[in-house]
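Engineer:
Numbering (full-length UniProt numbering), first residue to last: 1 to 224.
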């Protein structure tokens, strides 16, 4: 039995994502998706399985850059327990942000907040809210330390860390969703241009050729 090949529309249904998402993942993860003799993508069963694993990791909060680090051993991730996956996600997402060249702002209690240089107004607003939240929580921690209440301080510190990590994950997911949306619009523009060129070429081919005026004028002239 020969190798089964799926076109991108069928592959997207199997992975349960839009076709433009598969193109975006291919580019961001540097996936070696094969092409046929016409240059069109096709997906094998092993490609479908890999993309399903990528989707699962994305749903669990992994960034694409973090998933890219996992690609050589991505098959082993499925055997990890939930706690190990959570720790792995936090570690790799942090490394991905450091490689992104983004600024990491340290708080007084050792928690870090990541802010992108090119963040939108929405992100800036969220960052400002996080800054206010962080200041309030730092005051609580400071008061706890002054009262020598180590137990309360540790509890609040853990709560702050978890809250900031959740907010960071949300901002990072929002960033990736914006990038996917831009890629989708670009992909649609390219396909519209290709469609327009094909329709233009087809119109030119179907257009009837005009007969010479000379032959029309001399149509009824009898030979001598």
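Where a beta carbon is used, it is the ideal one built from N, C-alpha and C, also for glycine. Nothing here was measured: the structure is a model prediction, and the numbers come from that model.
#1: Using the C-alpha atoms, what's the distance from residue 6 back to residue 43?
#2: Taking Cβ positions, are residue 51 and residue 25 nearer each other than 8 Å?
#3: Give the secondary structure of residue 41 by DSSP, where H, G and I count as helix, E and B as strand, and everything else as coil.
#4: With DSSP as the reference, identify every bridge partner of residue 6, one or two as the case may be.
#5: Can you list, in chain order, the residues of its chain whose CB lies under 6 Å from that of residue 63, leaving out five sequence neighbours each side?
#6: For residue 61, which of 184, 192, 89 and 186 has the nearest alpha-carbon?
#7: Looking at the unbroken alpha helix (DSSP H) that takes in residue 29, where does it start and where does it end?
#8: How would you write the range of the alpha helix (DSSP H) that residue 82 sits in, first residue to last?
#9: I'd like to know whether the C-beta atoms of residue 8 and residue 41 end up nearer to each other than 8 Å.
#10: If distances are taken between C-alpha atoms only, which option among 193, 48, 28 and 176 comes closest to residue 59?
Structural biologist: This is what the structure gives:
#1: Their Cα atoms are separated by approximately 5 Å.
#2: Yes, these two residues count as a Cβ contact at 8 Å.
#3: Correct three-state label for residue 41: strand.
#4: Note: residue 6 sits in a beta bridge opposite 43.
#5: Contacts found: 93, 96 and 172.
#6: Checking every option, the nearest Cα to that of residue 61 belongs to 89.
#7: Counting along the chain, the alpha helix (DSSP H) containing residue 29 begins and ends at 19-29.
#8: Taken as a continuous stretch (DSSP letters only), the alpha helix (DSSP H) holding residue 82 covers 82-99.
#9: Cβ distance < 8 Å, so residue 8 and residue 41 count as in contact.
#10: Per the C-alpha coordinates, the member of 193, 48, 28 and 176 positioned closest to residue 59 is 176.
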